[in-house]
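Heads up: the sequence shown begins at 77 in the numbering used here, then just goes up one per residue. This report refers to the structure that appears directly beneath it.
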Amino acid sequence: MSTPMTKERRRILVTGGAGFLGSHLIDRLLEQGHQVVCVDNLFTGSIDNIAHLGNNADFSFLDHDVCRPLNVEVDEIYNLACPASPIHYQYDPVKTVKTSVLGAINMLDLAKALNCRILQSSTSEVYGDPIVHPQPESYWGNVNPVGPRSCYDEGKRCAETLFFDFQRQHDLDIKVARIFNTYGPRMDQADGRVVSNFIVQALKGQDITLYGDGSQSRSFCYVDNLIDGLIALMETPKGFTGPVNLGNPDEFTIRQLAEKVIAKTGSRSKIVVKPLPKDDPRQRQPDIALAREQLKWNPNIALEDGLEKTIAYFQNILTPSLA
Ligand code: NAD
Ligand code: UDP
77 MSTPMTKERR RILVTGGAGF LGSHLIDRLL EQGHQVVCVD NLFTGSIDNI AHLGNNADFS
137 FLDHDVCRPL NVEVDEIYNL ACPASPIHYQ YDPVKTVKTS VLGAINMLDL AKALNCRILQ
197 SSTSEVYGDP IVHPQPESYW GNVNPVGPRS CYDEGKRCAE TLFFDFQRQH DLDIKVARIF
257 NTYGPRMDQA DGRVVSNFIV QALKGQDITL YGDGSQSRSF CYVDNLIDGL IALMETPKGF
317 TGPVNLGNPD EFTIRQLAEK VIAKTGSRSK IVVKPLPKDD PRQRQPDIAL AREQLKWNPN
377 IALEDGLEKT IAYFQNILTP SLA
């Protein structure tokens, strides 16, 4: 997708910029003519995701943990730093809470000191195992505060609270995006998320690990569409805070996803059933009426097409090990 150069060049901080979404966001911001400072502690992200930017004079990288205060001069902040896959955020759950909560406090303090706009990458997990379906932003959710997913869900909920308290208390210009399951190139092949797991398993001819009976559902958004939405939200006038759902409302069962991946890869892999993780949400579909209206945002890349691009990416990076 070609991106028009921006009229107003800004210096933009992206935390979590070496991760899956952060690295795509940085590519797009640089294409628009901005300068980007990427902050990341490389816990789940990778230098490989930003290696192609090494010679770009508008790009700089800071190896920094957002749990510690940060002092940089920027005009705008996207706060994405946080492990996002269940195996990664459950690996050190106390650290996950710290990253969400202390990370939010440190980045909000920075935004307050600089008097600049700040966007939080929140998540559909704030709805927990939702009883209301599809989920509008007005739904308060159904979250277990003491389960294995709570470090992520409650950490992200607390971060949202902090964003809104900084807005009410300090008139800070905040934006909160609630991101639903997003997939695409640069997902970490070992992070356990369903799209990358199924594609890698199919390409390697391994069993496809279906957790539970596969009747649980998710709605999958291709990364390019998601980045459009994040930037459109950042560009809204002061006073429009969200939270705004960003996701593709086309909903599929996990079994349907497994079948699509097998068909698209032409794999001989078999589907095998594994235990369903505790507190795994039964269903998830964003109500995106607000994003459509306020951001004029339309996630138009169908799962079939996004899967093809993602499969091509994994085919490419797996080729040496498959040969
Ligand atoms: P990711 O794991 O690929 O990226 C997260 C990045 O944050 C990594 O580069 C990691 O090294 C960095 N990080 C983690 N802890 C840090 C710390 N303490 N200090 C500095 N950097 C740190 O995950 P992603 O899918 O790109 O997710 C990015 C953001 O979007 C996360 O905040 C996540 O909660 C949110 N999100 C993603 C999805 C999705 O489907 N991808 C859905 C909902 C929300
Ligand atoms: N899942 C699965 N097999 C896998 C990985 C995940 O069946 O190898 C299921 C998982 O139990 C969940 C869904 O796929 O129901 C989405 O999982 P993911 O970790 O990608 O995202 P989240 O649960 O955070 O939405």
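C-beta atoms are modelled at their ideal positions from N, C-alpha and C, and glycine is treated no differently. Being a predicted model, the structure only gives us computed values, none of them experimental.
Residue range 347–350 is occupied by the beta strand (DSSP E) that includes residue 350.
Checking the 6 Å criterion, the Cβ of residue 269 is within range of a heavy atom belonging to the ligand UDP. Bounds of the beta strand (DSSP E) holding residue 139 are 135–139. The Cβ neighbour count for residue 261, taken over all protein chains shown within 10 Å, is at least 16; the residue is labelled buried.
If you compare the alpha carbons of 363, 138, 276, 299 with that of residue 378, the shortest gap goes to 299. Your pair residue 334 and residue 274 checks out as a contact, with CB atoms roughly 6 Å apart and the cut at 8 Å. With a cut-off of 6 Å, the C-beta of residue 391 is classified as distant from the ligand UDP, since no heavy atom of the ligand falls inside that distance.
Spanning the alpha carbons of residue 109 and residue 125 requires a straight line of approximately 20 Å.
Distance from the CA atom of residue 190 to the CA atom of residue 392, rounded to whole angstroms, is 42 Å.
Selection 85, 345, 326, 340 evaluated against residue 363 yields 326 as nearest (Cα-Cα). In this structure, residue 212 lies away from residue 301, with their beta-carbon atoms at least 7 Å apart. Cβ contact annotation for residue 106 (same chain, cutoff 8 Å, sequence separation greater than five): 112, 129, 132, 134, 135, in chain order.
Beta-bridge analysis with DSSP links residue 251 to 195.
The C-beta distance from residue 235 to residue 320 rounds to 15 Å, too long to meet the 8 Å contact threshold. For the set 140, 206, 192, 318, the Cα lying nearest the Cα of residue 369 is the one of 318.
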